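Count the sequence shown with our numbering and you get residues 513 to 683, in order.
What follows is a single structure, written as structure tokens, with notes after it.
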Amino acid sequence: MIFLLFVYTSCAIVLPIVLIVYWKLICPAKRLHDAFRSQGVPGEPFVPIIGQLLEMNRSRANDQYMGYYEELVKKHGNIFLHGFGPLARLIVLEPDMLADVLGRSHAQDYSKTALNSNVFKPIIGTHNLLVSEGIEHERARKMLNPAFHAINLQSMVSIMADQTRKAIDEL
């Protein structure tokens, strides 16, 4: 009798937890994954909760992290689905598509998180590229742009190459 009571109580506790996890984590990711697949987007198979984390960890342990993604690009092309833990991610490596999504016409769609502002503002102030938004961000970016012109960067290539070699040698 006590055993049955224990079993029923355990089921009454475990079953709602399992349903909540399914409804909040698995179901939305699976729906998103299926929606992209129905539109012809290739990708790795859907694995609930862990996604492709096992393969990613295996490749990282073998120092083949970039090789893992290169294999995915060879297998699926420049646009594919990838499970990052419980989240389905659309990987886009097409330069034209990235320019369209991240271009200036969509700048208002992206905002900096409050965490970003709360962490950096006390350290570096409010009037800079990292924490500013809107017109102020545009102004700061325009001021910095000339420094990153190809002609200005060419003079630094040898310095960067030397520093990279030194860093590699120290490893």
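Ideal placement from N, C-alpha and C gives every residue a C-beta, glycine not left out.
Please read all numbers here as calculations on a predicted model, not as lab measurements.
When Cβ pairs closer than 8 Å are counted between the two stretches, the stretch 618-636 is seen not to touch the stretch 592-599, the count staying below three. Residue pairing by DSSP leaves F548 without any beta bridge partner. Judged by DSSP secondary structure, I532 falls within the alpha helix (DSSP H) whose first and last residues are I514 to V533. The beta carbon of L642 sits closer than 6 Å to the beta carbons of F632 from its chain, once the five residues preceding and following it are set aside; these are given in chain order. By the C-beta density criterion, S644 is buried, having at least 16 other C-beta atoms within 10 angstroms.
Assignment of H639 by DSSP, reduced to helix, strand and coil, places it in the coil class.
With a 10 Å radius around the Cβ and a threshold of 16 neighbouring Cβ atoms, A600 comes out buried. Annotated as distal: N664 and A652, with beta-carbon spacing of 8 Å or more.
DSSP places G646 in the uninterrupted alpha helix (DSSP H) bounded by G646 to L656.
As computed with DSSP, I603 is found in a beta bridge with F592.
Contact between I532 and P560 does not hold, since the beta-carbon distance rounds to 14 Å and is not under 8 Å. D681: member of the alpha helix (DSSP H) spanning V669 to E682, first to last residue.
Nearest to F548 by C-alpha distance, out of D575, I591, F515 and T521, is I591.
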